[in-house]
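Since the structure comes first, as structure tokens, the remarks are kept for the end.
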Amino acid sequence: MPEAVEISHPPEALLGIVNPAMRLVLRTPGLGSRLKVFMVVNFTGRKTGRRFSVPVSAHHLDGDLYALINAGWKHNFADGAPAEVQHAGKTTAMRGQLIKEPATVADIAHRVATGYGAKKAQSTMGLKFRDNVVPSLEEFTAAAKRLGIAAIKFTPAT
145 MPEAVEISHP PEALLGIVNP AMRLVLRTPG LGSRLKVFMV VNFTGRKTGR RFSVPVSAHH
205 LDGDLYALIN AGWKHNFADG APAEVQHAGK TTAMRGQLIK EPATVADIAH RVATGYGAKK
265 AQSTMGLKFR DNVVPSLEEF TAAAKRLGIA AIKFTPAT
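All letters in the sequence shown, in the order written, are residues 145 to 302 by our numbering.
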């Protein structure tokens, strides 16, 4: 029996084409303001000092902005880090804070998925759900542990 939650990203070759296009589109005030489900996170690598510009899905929960990811670059936000976020046609200086605790990540993911519904959640969260239904909180907790899913909470820089 398959797991309740699996990672479901597009193939790397497709991302190599789509990501540069998304960075360009989301920078454009007219077009970027229409694609509120995505954002571009610009940040500096904590070890390399290299600049990164990563398009990700934008998730809103209780008035806060989150990214839910399993990619390695999440560790750049382990101790909190500045980021420039392009979202909804605007660029905002923010601070990203990595959330790794599986129960907390699961709560965020479950609430986001429930708000979207199964179909939209799968397409915007980069996940696949068994039986195309929103998994339970316990299933999201297991997935967070097994797949290394984390959340980054973005708050306006002060």
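The beta-carbon is built from N, C-alpha and C at its ideal position, and this holds for glycine as well. Given the structure is predicted, the values throughout are model-derived calculations rather than measurements.
With respect to the alpha helix (DSSP H) encompassing residue i, which residues constitute its N-terminal and C-terminal limits?
{"i": "aspartate 251", "result": "246–260"}
{"i": "alanine 305", "result": "It is not possible to answer for residue 305, since the shown part of the chain is limited to 145 through 302."}
According to DSSP, is residue i helix, strand or coil?
{"i": "histidine 228", "result": "Rather than histidine, the amino acid found at residue 228 in this sequence is glutamate. Strand."}
{"i": "valine 169", "result": "helix"}
{"i": "glutamate 303", "result": "The first residue shown for the chain is 145 and the last is 302, placing residue 303 beyond what the model contains."}
{"i": "threonine 192", "result": "coil"}
{"i": "threonine 299", "result": "strand"}
{"i": "alanine 202", "result": "coil"}
{"i": "lysine 180", "result": "coil"}
Hey, residue i and residue j: beta-carbon distance below 7 angstroms or not?
{"i": "glutamate 150", "j": "lysine 272", "result": "yes"}
{"i": "alanine 250", "j": "threonine 285", "result": "yes"}
{"i": "lysine 289", "j": "proline 246", "result": "yes"}
{"i": "alanine 202", "j": "phenylalanine 182", "result": "yes"}
Quick check on the DSSP output: the beta strand (DSSP E) that includes residue i runs from which residue to which?
{"i": "aspartate 208", "result": "208–213"}
Leaving out the 5 sequence neighbours to the left and right, which residues in its chain are closer than 7 angstroms to residue i when beta-carbon positions are compared?
{"i": "lysine 244", "result": "Ala294"}
Cα-Cα, which of the options is closest to residue i?
{"i": "arginine 190", "options": "Asn214, Tyr210 and Ala222", "result": "Ala222"}
{"i": "leucine 268", "options": "Lys234, Glu228 and Pro199", "result": "It should be noted that the sequence gives threonine, not leucine, for residue 268. Here the closest residue by C-alpha is Pro199."}
{"i": "valine 184", "options": "Pro279, Glu282, Tyr210 and Gly261", "result": "Tyr210"}
{"i": "threonine 192", "options": "Asp208, Asn220 and Gly207", "result": "Asn220"}
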